[in-house]
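A.B. asks: Here the sequence shown stands for residues 88 to 403, where the numbers follow the numbering used here.
Glycine included, every Cβ here is placed at the ideal spot set by N, Cα and C.
Below are the structure tokens for one structure; questions will follow.
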Amino acid sequence: KEFLLSPIKMAGENLTVMMEFILLGFSDLPNLRGFLFGIFLVTYLSILIGNSLIIIITKVDAGLQTPMYFFLGNFSFLEICYTSVTLPRMLTNLWTQKRNISFLACSIQLCFLLILGNSECFLLGVMAYDRYVAICKPLNYPLIMNQKMCFQLLVGSWITGIPVQIALTYQIFSLPFCGSNKLNHVFCDIPPLLKLACGDTSMNEFSVYADAVLFAMVPFLLIVGSYVKIITTIFKLPSATGRHKAFSTCSSHLIVVGLFYGSGIIMYLRPKSSYSSGIDKVFSLFYTIVTPVFNPLIYSLRNKDVIAALRNLLTK
């Protein structure tokens, strides 16, 4: 079957209720199915292993028991969760060639994707604030970033926006989907779902933009503001060694922010007229897979403390 539709009778009218979607994914590249499966499997295993190592060393290494590494360990855990929402199903679809996903499963996948993406935005903002306090207010850093404050910031990053993301998911899936249910994407995401919806979706598009501004752009602006003050403070440092050390501790975070936000902004905030399913697939893979797989490499290769902790762990 190409799609599953269920006709029902309601108020004297025949309506069609969508029961499942077909994730087209990479169906237009049948000859590359095995290759893509191998690439995504290796990528997923790399994400699991790399981020798990970061979590372990930030828990067991005595030299990494600081707020910065506390947030880094939780960020790595978030990356594993975020990737696990999409990659296992993508691998299953490539292996079995069964691309159908139920209406309920699609809505749950989108909801978790939005919630975890929202948490990632806020956690990146919290990590930028931590660096701001460490560099701009070093004498007050232990007092400001105490254990209680770190825990509150972490919990806030995870739960802030959950009701809004659930409401947005409900709004999207309350739309009438008529005709084809072929979702030209690799997972359930808002742009391809809106493309399948019938009738006027302008209010839904406005809700998506408002959600992106509130829960993505506000943390991004806080990150930018923090780094403006950080860079200003760094340039005032008298020692070149001190400036280099301060820049090195911030550069890893900035790279991750650039990768995640760059692809996300292009995906969600570009004009509807420039919509392209092929481009959307690439950018969606970028912010859901590329950032998590490079996260451990970025933080380990540019951080002597992490390299030393990894060496000690592997030696033991």
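Check F264 in the structure and name its three-state DSSP category.
C.D. replies: Counting from one through the sequence shown, the residue named residue 264 turns up at place 177. DSSP places F264 in strand when its eight states are reduced to three.
A.B. asks: Determine the direct distance from the alpha carbon of F307 to that of D392, and round the result to whole angstroms.
C.D. replies: As a working mapping, residue 392 is identified with position 305 in the sequence shown. As a working mapping, residue 307 is identified with position 220 in the sequence shown. Going by the C-alpha atoms only, they are around 27 Å apart.
A.B. asks: Return helix, strand or coil for V269, following the three-state DSSP convention.
C.D. replies: Stepping through the sequence shown from its first residue, residue 269 is reached at position 182. The identity of residue 269 in the sequence shown is Lys, whereas the question assumes Val. Residue state, collapsed to three classes: strand.
A.B. asks: Measuring straight from C-alpha to C-alpha, what distance separates L110 and R176?
C.D. replies: Locating residue 110 in the sequence shown gives position 23, counting from the first residue. Locating residue 176 in the sequence shown gives position 89, counting from the first residue. Approximately 10 Å between the Cα atoms of the pair.
A.B. asks: So which of S339, M236 and Y219 has the shortest CA-CA distance to V315?
C.D. replies: The residue you call residue 315 lines up with position 228 of the sequence shown. Cα-wise, what sits closest to V315 is Y219.
A.B. asks: Given this structure, state the Cα-to-Cα distance separating G312 from V129, to the nearest angstrom.
C.D. replies: Residue 312 sits at position 225 when you count from the first residue of the sequence shown. Residue 129 sits at position 42 when you count from the first residue of the sequence shown. The alpha-carbon atoms of G312 and V129 are separated by roughly 37 Å.
A.B. asks: Just the C-alpha distance for L174 and T328, rounded to the nearest angstrom, thanks.
C.D. replies: In the sequence shown, counting from the first residue as 1, residue 174 sits at position 87. In the sequence shown, counting from the first residue as 1, residue 328 sits at position 241. One C-alpha to the other measures close to 42 Å.
A.B. asks: Helix, strand or coil, according to DSSP, for L324 in the structure here?
C.D. replies: Numbered from its first residue, the sequence shown carries residue 324 at position 237. In this structure, L324 counts as coil in the three-state DSSP scheme.
A.B. asks: Would you list the residues sitting across from L110 in a DSSP beta bridge?
C.D. replies: For this step, residue 110 is matched to residue 23 along the sequence shown. In DSSP, L110 forms a bridge with L270.
A.B. asks: Tell me the start and end of each unbroken alpha helix (DSSP H) in the stretch 214–292 that is at least 4 residues and wholly inside, in chain order.
C.D. replies: Entirely contained in the stretch 214–292, the alpha helix (DSSP H) runs reaching 4 residues are, in chain order, 228–231, 234–246, 249–260 and 277–283.
A.B. asks: Check whether the stretch 289–297 touches the stretch 237–245, taking contact to mean three or more Cβ pairs, one atom from each stretch, closer than 8 Å.
C.D. replies: As far as the Cβ criterion goes, the stretch 289–297 does not touch the stretch 237–245, which means the pair count is below three.
A.B. asks: Under the rule that 16 or more other beta-carbon atoms within 10 Å means buried, what is N233, buried or exposed?
C.D. replies: Translated into the one-based positions of the sequence shown, residue 233 becomes position 146. With fewer than 16 Cβ atoms within 10 Å of its Cβ, N233 is classed as exposed.
A.B. asks: Return the residue from the list I394, R398 and Y348 that minimises the CA-CA distance to V377.
C.D. replies: Mapped onto the sequence shown, residue 377 falls at position 290. Measuring from the Cα of V377, the nearest candidate turns out to be Y348.
A.B. asks: Find out if the Cβ-Cβ distance for the pair L270, L283 is shorter than 8 Å.
C.D. replies: By one-based count along the sequence shown, residue 270 stands at place 183. By one-based count along the sequence shown, residue 283 stands at place 196. Cβ atoms of L270 and L283: closer than 8 Å.
A.B. asks: Which partner residues does N187 have in the DSSP bridge list?
C.D. replies: Numbered from 1 along the sequence shown, position 100 holds the residue referred to as residue 187. N187 is bridged to I109.
A.B. asks: Does the count of Cβ pairs from the stretch 164–172 and the stretch 203–214 closer than 8 Å reach three?
C.D. replies: Contact between the stretch 164–172 and the stretch 203–214 is present, because at least three Cβ pairs lie under 8 Å.
A.B. asks: Using CA coordinates, which residue listed in P325, F373 and A221 is at the minimum distance from V344?
C.D. replies: Reading the sequence shown from its first residue, position 257 is the one you call residue 344. Of the candidates P325, F373 and A221, the one whose C-alpha sits nearest the C-alpha of V344 is F373.
A.B. asks: Could you tell me the alpha carbon to alpha carbon distance between K96 and M106, rounded to whole angstroms?
C.D. replies: Looking up residue 96 in the sequence shown gives position 9. Looking up residue 106 in the sequence shown gives position 19. Note that K96 scores a pLDDT of 40, beneath 50, so its modelled location is shaky and nothing firm can be said.
A.B. asks: Could you say if the stretch 189–204 and the stretch 249–257 meet the contact criterion of at least three C-beta pairs nearer than 8 Å?
C.D. replies: Yes: the two stretches touch, three or more of their Cβ pairs being nearer than 8 Å.
A.B. asks: Express the C-alpha separation of A299 and Y156 in angstroms, rounding to a whole number.
C.D. replies: As a position in the sequence shown, residue 156 is number 69, starting the count at 1. As a position in the sequence shown, residue 299 is number 212, starting the count at 1. For Y156 and A299, the distance between alpha carbons rounds to 28 Å.
A.B. asks: D276 to A221, Cα distance in whole Å?
C.D. replies: For the purposes of this step, residue 276 is taken as residue 189 along the sequence shown, with counting starting at 1. For the purposes of this step, residue 221 is taken as residue 134 along the sequence shown, with counting starting at 1. Distance between the alpha carbons of D276 and A221: 37 Å.
A.B. asks: Taking all protein chains shown into account, do 16 or more other C-beta atoms lie within 10 angstroms of the C-beta of Y131, making it buried, or fewer, making it exposed?
C.D. replies: The residue given as residue 131 occupies position 44 in the sequence shown. That one is buried.
A.B. asks: My output table needs one value for T153: the three-state DSSP class, helix, strand or coil.
C.D. replies: On the sequence shown, residue 153 is found 66 positions in, with the first residue counted as 1. In the structure shown, T153 sits in coil (DSSP, three-state: anything other than H, G, I, E or B).
A.B. asks: So, at 6 Å on beta carbons, what are the nonlocal neighbours of I342 in its own chain, with the 5 sequence-adjacent residues on each side left out?
C.D. replies: Position 255 of the sequence shown, counted from the start, is the residue given in the question as residue 342. The answer, listed in chain order, is I385.
A.B. asks: Is D148 closer than 8 Å to A396 when the C-beta atoms are compared?
C.D. replies: Counting from one through the sequence shown, the residue named residue 396 turns up at place 309. Counting from one through the sequence shown, the residue named residue 148 turns up at place 61. Going by C-beta atoms, A396 is nearer than 8 Å to D148.
A.B. asks: May I have the straight-line CA-CA distance separating L178 from P379, to the nearest angstrom?
C.D. replies: The residue given as residue 178 occupies position 91 in the sequence shown. The residue given as residue 379 occupies position 292 in the sequence shown. Between L178 and P379, the C-alpha separation is close to 17 Å.
A.B. asks: Determine the DSSP secondary structure at V377, reduced to helix, strand or coil.
C.D. replies: Start at 1 with the first residue of the sequence shown, and residue 377 comes out as number 290. Correct three-state label for V377: helix.
A.B. asks: Under 8 Å, do T145 and G125 count as touching if we go by C-beta distance?
C.D. replies: Sequence index remark: in the sequence shown, residue 145 carries index 58 (1-based). Sequence index remark: in the sequence shown, residue 125 carries index 38 (1-based). No.
A.B. asks: Would you kindly work out how many angstroms separate the C-alpha atoms of G212 and I141, rounded to a whole number?
C.D. replies: The sequence position of residue 212 within the sequence shown is 125, counting from 1. The sequence position of residue 141 within the sequence shown is 54, counting from 1. G212 and I141: Cα-Cα distance of roughly 19 Å.
A.B. asks: Between which two residues does the alpha helix (DSSP H) holding A396 run?
C.D. replies: For the purposes of this step, residue 396 is taken as residue 309 along the sequence shown, with counting starting at 1. Where A396 is concerned, the enclosing alpha helix (DSSP H) stretches over K391 to T402.
A.B. asks: Would G150 be called buried (16 or more neighbouring beta carbons within 10 Å of its own) or exposed?
C.D. replies: Reading the sequence shown from its first residue, position 63 is the one you call residue 150. Classification of G150: exposed, given that the 10 Å Cβ count is below 16.
A.B. asks: Which residue wins for smallest C-alpha separation from C198, given the options F274, S139, S244 and N268?
C.D. replies: The residue labelled residue 198 in the question sits at position 111 within the sequence shown. Minimum Cα distance to C198 is reached at F274.
A.B. asks: Rounded to whole angstroms, what is the Cα-Cα separation between L91 and H272?
C.D. replies: In the sequence shown, the residue the question calls residue 91 occupies position 4. In the sequence shown, the residue the question calls residue 272 occupies position 185. In this prediction, L91 has a pLDDT of 46, which is less than 50 and means its spatial position is unreliable; nothing more can be read from the coordinates.
A.B. asks: With distances taken from CA atoms, which of F381, S350, A215 and H331 is nearest L309?
C.D. replies: Taking the first residue of the sequence shown as position 1, residue 309 is located at position 222. Looking at the Cα atoms, A215 is the closest of the given residues.
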